[in-house]
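Protein chains in written order, with my numbering: chain V, 78 to 192; chain R, 85 to 198. Each residue gets a CB set at the ideal place from its N, CA and C atoms; glycine is no exception. Just below is one structure, and these are the notes that go with it.
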């Protein structure tokens, strides 16, 4: 069990560019979540997948954001036409479905800076 | 919608002493889950402790324990014998039964002093 991994760890981009982040969940975890965390705040939910199906999206996820989990394993989060307000830490978490709610395990995050 | 409130932005404690972090939440659900996560500086979020609302017994994990008051919608974290490695941001989080997303509080920065 190697834990949740995220790449890249840091990304600096210019306003208007597109960026893509990757998350590899814990093996056999069927649920994968994306959160956004701004400085000094708690994480805010963006979206989640069960296997390859995207089951819920927050209204925070504007149409510039898209997430995929094509084979039910790793996931990508793409932000198109980045804005300075997109600067944040993007966290990925995974869990395995149990009888009740799952415990989510977090990755180290990708810190995005939009200049 | 559920909300989670952590009213202490920052706290400090001397090494080896005990500290309690506060958390209140609002929900109309009867069954749910509550979590405390720890986020050390520049490091990833780690689960500290978890409480099921249908269990009356307070959860404990070594030096960490909770005081869960369901009627008051309160979920405080007690850290005994504080260690320098406990220095971190602590987040309280709410999860619905059979739910998916977690709702987090704004966090409490805990500094353990030697």
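Using a 10 Å radius around the Cβ and a threshold of 16 neighbouring Cβ atoms, would you call residue i buried or exposed?
| i | result |
| --- | --- |
| residue 172 of chain R | buried |
| residue 170 of chain R | buried |
| residue 146 of chain R | exposed |
| residue 163 of chain V | buried |
| residue 116 of chain R | buried |
| residue 114 of chain R | exposed |
| residue 168 of chain R | exposed |
| residue 189 of chain V | buried |
| residue 155 of chain R | exposed |
| residue 104 of chain V | exposed |
| residue 135 of chain R | buried |
| residue 148 of chain V | exposed |
Can you tell me whether residue i is helix, strand or coil according to DSSP?
| i | result |
| --- | --- |
| residue 127 of chain V | strand |
| residue 163 of chain V | helix |
| residue 155 of chain V | strand |
| residue 111 of chain R | coil |
| residue 188 of chain V | strand |
| residue 198 of chain R | coil |
| residue 92 of chain R | coil |
| residue 181 of chain V | coil |
| residue 103 of chain R | strand |
| residue 170 of chain V | strand |
| residue 97 of chain R | strand |
Check whether the Cβ atoms of residue i and residue j sit closer than 8 Å, and answer yes or no.
| i | j | result |
| --- | --- | --- |
| residue 89 of chain R | residue 108 of chain R | yes |
| residue 152 of chain V | residue 144 of chain V | yes |
| residue 93 of chain V | residue 146 of chain V | no |
| residue 152 of chain R | residue 118 of chain R | yes |
| residue 119 of chain V | residue 190 of chain R | yes |
| residue 154 of chain V | residue 142 of chain V | yes |
| residue 110 of chain R | residue 87 of chain R | yes |
| residue 165 of chain V | residue 115 of chain V | yes |
| residue 150 of chain R | residue 130 of chain R | no |
| residue 91 of chain V | residue 192 of chain V | yes |
Any chance you could list the beta strand (DSSP E) runs of at least 3 consecutive residues sitting entirely within the region 123-193 of chain R, in chain order? Runs of the beta strand (DSSP E) inside the region 123-193 of chain R: 130-136, 148-153, 158-163, 172-180, 186-188.
With contact counted as at least three CB pairs below 8 Å, one residue from each stretch, are the region 170-186 of chain V and the region 131-139 of chain V in contact? Cβ pair count under 8 Å is below three, so no.
Is there contact between the region 81-97 of chain V and the region 123-132 of chain V, where contact requires at least three CB pairs shorter than 8 Å? Contact fails: fewer than three Cβ-Cβ distances are below 8 Å.
Which residue spans inside the region 86-139 of chain V form an unbroken beta strand (DSSP E) run of at least 3? Within the region 86-139 of chain V, the complete beta strand (DSSP E) segments at least 3 residues long are 87-90, 96-101, 108-114, 121-127, 130-134, listed from N- to C-terminus.
Counting beta carbon pairs with one atom in the region 157-173 of chain R and one in the region 167-175 of chain V, are three or more of them shorter than 8 Å? Pairwise C-beta distances place the region 167-175 of chain V out of contact with the region 157-173 of chain R, as fewer than three of them are shorter than 8 Å.
Within 9 Å of chain A by C-beta, residues of the region 136-159 of chain V in sequence order: Looking for chain A here will not work: the only protein chains present are V and R.
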